[in-house]
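Protein chains in written order, with the numbering used here: chain A, 675 to 1032; chain B, 211 to 365; chain C, 17 to 447.
See structure below.
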Amino acid sequence: MISRVRAWLEERIGLSQITGFLSHKTVPVHRYSYWYFLGGITLFLFMVQVGTGMLLLLYYRPTSNEAFESVQYIVTQVRFGWLVRSIHSWSANLMVATAMAHMFSVLFLGAYRKPRELTWVSGMVLLFLILGFGFSGYLLPWNTLAYFATKVGTDMVKQLPVIGHPIMVFLRGGEEVSGATLTRFFGFHVALLPGITTLLIGVHLAFIQRQGMSVPRRIDAEWTADPSKRREMRFFPNFFLREAIAWYIGLAVLGALAAFFPWELGSKADPFAPAPAGIKPEWYFLSVFQTLKLIPPRLWKIDGELAGIFIFGALAAIWTLLPFLEGEAGKRRRLVTVVGILAIVFIAGMTLYAYYAK
Amino acid sequence: MNVAAREPAEPRPGRRTFLQMLLGAGLLGSLASFFYPVLRYMIPPASAELNSDEVVAGKIGELKLNSGKIFRFGSRPGIIVRNAVGEYKALSATCTHLDCIVQYRGDLRRIWCACHNGMYDLSGRNISGPPPRPLEAYDVNVRGDEIFVSRHKGS
Amino acid sequence: MRTTRNNLSPRVAGALRAAAFAVLLCAASAWAQEKPAAPPPAKKNSCVECHSVLDGPLQVTPEMAAQDIHASKGIDCAACHGGDPTADDDSAMSKAKGFKGKPKRSDIPQLCASCHSNGEYMRKYNPSLRTDQLAQYRTSVHGKKLKAGDDKVAVCSDCHTPHTILPANDPRSKVNALNVVSTCGSCHADAARMKPYGIPTDQVAGYNVSVHHEALTVRGDMSAPTCVTCHGNHGAAPPGLSSVENVCANCHVFQGQLFDGSPHKQPFAAAGLPGCVTCHSNHKIVRPSDAMLGSGPQSVCSNCHTGDDAGMKQAIAMKSGLERLHQKIDQADELLERAERSGMEVSQAKLVQAQARAALTKARVSVHSFGAAGMKADIESGLKLAEDDLHAGEQAMAERDYRRKGLGIAVVLILLTIAGLFLFIRQLERR
């Protein structure tokens, strides 16, 4: 039966060509092999997001009058609505975490180096898209915290000279965060971003498929010195099955988080209410938020916040173009590692500081 | 992924059957545990939707002239009153004295709290007894045969 | 009779004088208004010019004069003190110009009343202001003692101040609700001053820990009672034993009605016990608690009832009713809180909890029927509501457990699959 289906498909779409690359693909086996799982887990979480997101769309209503109530309805009235919503929220947060971890693992293992520059760039863009998902999705339940976090977040854009105000108006769909903003963010979150992201994930995976898995420089050197040490694993089924185990563990973790720590809904946003104390963005924006808060209002002759935005913009650009800046044959390799460690320390430090600061 | 995982399970028989059973049962069971909630989720619940910004407090004709009733306004009780000339008034039903729930007294034409004899007029003003503050008044709109109550906007 | 008539004539004369003065004043101001071309010159007041540099009670600064309600309406110093404010020298204070100097304390009520008891005159300034202050004052303990020759008792200027008289709704006024307690207390809390009268001086201290004081100062309820709410202001006197309940029942209507129909009404009257005050005290009316019922150490019932009489049995039954309801509500609260913390939706039950609490509040009012039967309805309706909420809480907890069980099953299945995959990989790679 299966062989007949296979033959039928082979005749029409050349199945063996599609499965063929899978059987040739190999994964290097060495002491850092575990880091190869992170990309796959991020992909898995993205699929969970797509699945639960589609389920949430069955009941969610993107208007300022109904958004909060519809989420409340999902959580309280719809059978397993609490589960779907909690998994969507938790999975979103875990996805940001795994994507970041994936990025840093690639950074430290030097997997961005030639010929994989474009893979790195596409990955960085994916990371920014994921952050965009987080920012736009955070507003959708239309609760007080999200409302004010969005207000603060979009307000920062305004600081940019000339283009700042038009961009803010574009993001907000008007001068203020309002029902129009919600509709827009909903559009970004469920159509624009998923479309671009899916496409880019395809590109990212195609690059990886084309170039094969990167072997860390040190391991590569060891293997070149002693070719008998070279170990590889077939991607399919050996690595794939291991990845499946990781996905299953991820699923169990998501379920447990949803059951024991259901994502809170908070209270409905009231645009006329004064901002509550302690407005904070989602944790993955905290370090940027805290840094901008710490920059003095005037730096030399320019506005402090503006300077901060420029600095972060420049850093993001440099980070994205890292493979091109490293120089021939990794002259500044050590520098990249040090900068990477400093970045982690900085992000972690600022995030903790924001949590414990008033 | 499940198809892919089951596919290469063709090596020599023996302990294969145990493994196949374990894997098959695990996969089927776990898939069932994913899809059961999803299917249940997709069946729309029978209960009406909550809408705390604007609620349907009742239907036209439900309230007689000069009478009132309590309705649920988000997480708090509200009172809707149809006065002697047929106008609808909606107010918070939580007495400002000790949080008892007020009621409409047709004989007095006032809103009355049974706990300590607090009185409010139909605009919510506290006019006698212990209540220290007026009741919050809500907006009333009649659309079709339903009476919608919402909070005052922007005031 | 004779003395009264004798007393009356100078007052009438004073009133006439004041009225005549007022007419002149009005005429003068009307005249001033008819000539708009001339800018109204600042009315000369040589009194303030000199008195602003004096010390002590003789000091009257322009600021004080500007705040004063009378000065602001053009009624100047001379209206009470006589003399001529337009004169620059000592002749301003000459007898020839009608200067009276400091009015005698015993004359002050009549001096004020010369205008304030004149309805026609007062109508020109504030038609809604009452004009019975003097009549009321005469019924007060202050007024009676003053008449008997004791001029240390409070007269108008003691409470309203002599020169900075403000309307009572002005928060700076000494008779404003926020200040009146300390105004009364400035004499009544002064042990030395009260000694000759042999009355206690703990009223203000008692009031300051009372629930009424809390309502006024903490909750900002300006309608909360102060001294004058129960004692009257101009006619200040203790309400009297038999009328205490009437006074309290002005606000505490239900308690008053229930007490009137209760078995306490007759015995209290017979024994000369004041209604509400017997259990709640007079000035130190603290927030009542359930412990005041029954036979415990804080019980007020045990002041009269003993261990085995019928009244004590009722008291104990009433207390246990309240306690049962209170406990049930707390129990439901606690469970609902727990369910909510676990992410369960219990807002409907929490809404009903408010009704259960309202039933408890009502039951605490119906304590004043002084019989367990009178409270039965409230207690039972409250118990039923709280019972339903408890049930809702239990259901929410059951739902939580269901979720965790469901998760447990899913996790077992997931672990099973993981184990299967693990073994499968091992088998695959052994070949």
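For each residue, glycine too, the CB sits at the ideal point set by N, CA and C.
Nothing here was measured: the structure is a model prediction, and the numbers come from that model.
Residues of its chain near residue i, where Cβ-Cβ distance is below 8 angstroms and the 5 sequence neighbours each way are ignored
i: PHE358/B; result: GLU264, VAL265, VAL266, ALA267, VAL350, ASN351, VAL352
i: ILE875/A; result: LEU717, PHE720, LEU800
i: THR147/C; result: HIS132, SER133, ASN134, GLY135, MET138
i: VAL303/C; result: Sequence check: residue 303/C is Arg here, not Val. Excluding sequence neighbours, ARG303/C sits near VAL227, GLU230.
i: SER297/C; result: GLY222
i: GLY296/B; result: LEU275
DSSP three-state assignment for residue i, whether helix, strand or coil
i: TYR821/A; result: helix
i: ASP331/B; result: coil
i: CYS131/C; result: helix
i: CYS323/B; result: strand
i: TYR348/B; result: strand
i: THR304/B; result: strand
i: ASP829/A; result: helix
i: LYS903/A; result: helix
i: SER852/A; result: coil
i: LYS299/B; result: strand
i: ALA267/B; result: strand
i: ALA46/C; result: Any reading at ALA46/C needs caution, since the residue's pLDDT is 44, under 50, leaving its predicted position unreliable; the model's value is listed next. Looking at ALA46/C - three-state DSSP - the assignment turns out to be helix.
i: THR700/A; result: strand
i: ASP206/C; result: coil
i: VAL291/B; result: strand
i: ASP977/A; result: strand
i: LYS335/C; result: helix
i: LYS140/C; result: coil
Cβ neighbour criterion (16 or more within 10 Å) applied to residue i
i: LYS366/C; result: buried
i: GLY682/A; result: Strictly speaking, residue 682/A in this sequence is Trp, with Gly absent from that position. With fewer than 16 Cβ atoms within 10 Å of its Cβ, TRP682/A is classed as exposed.
i: TRP756/A; result: buried
i: ARG787/A; result: buried
i: ALA785/A; result: buried
i: HIS204/C; result: buried
i: ASN185/C; result: exposed
i: LYS274/B; result: exposed
i: MET675/A; result: exposed
Residues of its chain near residue i, where Cβ-Cβ distance is below 7 angstroms and the 5 sequence neighbours each way are ignored
i: GLU261/C; result: GLY272, PHE275, GLY291, CYS292
i: GLU625/A; result: With chain A represented from 675 up to 1032, any question about residue 625/A goes unanswered, as that position is not in the structure.
i: LYS281/C; result: PHE275
i: GLN347/C; result: LEU406
Beta-carbon contacts of residue i that lie in its chain and below 6 angstroms, excluding the five residues immediately before and after
i: MET907/A; result: VAL701, VAL703, PHE913
i: ARG904/A; result: TRP897
i: ASP394/C; result: ALA375, LYS378, ALA379, SER382
i: MET774/A; result: none
i: MET1024/A; result: SER961, GLN964, THR965
i: LYS954/A; result: none
Extent of the continuous alpha helix (DSSP H) to which residue i belongs
i: GLU403/C; result: 388 to 446
i: ALA372/C; result: 363 to 382
i: VAL171/C; result: Element bounds for VAL171/C: n/a, residue is neither H nor E.
i: LYS279/B; result: From DSSP, LYS279/B is part of no alpha helix (DSSP H) but of the beta strand (DSSP E) over 277 to 283.
i: PRO78/C; result: 78 to 83
i: VAL877/A; result: 867 to 885
i: HIS321/C; result: Note, HIS321/C: premise wrong, no alpha helix (DSSP H); not H, not E.
i: GLN964/A; result: 957 to 968
Residue range of the beta strand (DSSP E) that includes residue i
i: ILE893/A; result: Per DSSP, ILE893/A belongs to no beta strand (DSSP E); it is in the alpha helix (DSSP H), 891 to 899.
i: SER278/C; result: Here SER278/C belongs to no beta strand (DSSP E), and DSSP marks it neither H nor E.
i: ASN336/B; result: 336 to 338
i: PHE358/B; result: 356 to 360
i: ARG315/B; result: 313 to 315
C-beta contact flag for residue i and residue j at 8 angstroms
i: PHE386/C; j: PRO279/C; result: yes
i: LEU341/C; j: LEU399/C; result: yes
i: SER738/A; j: TRP816/A; result: yes
i: ALA193/C; j: LEU232/C; result: yes
i: LEU803/A; j: LEU867/A; result: yes
i: ALA331/C; j: GLY359/C; result: no
i: GLY99/C; j: GLY114/C; result: yes
Any non-hydrogen atom of the ligand ADP closer than 7 angstroms to residue i Cβ
i: LYS825/A; result: For the ligand ADP, the structure offers nothing, since it holds no ligand at all.
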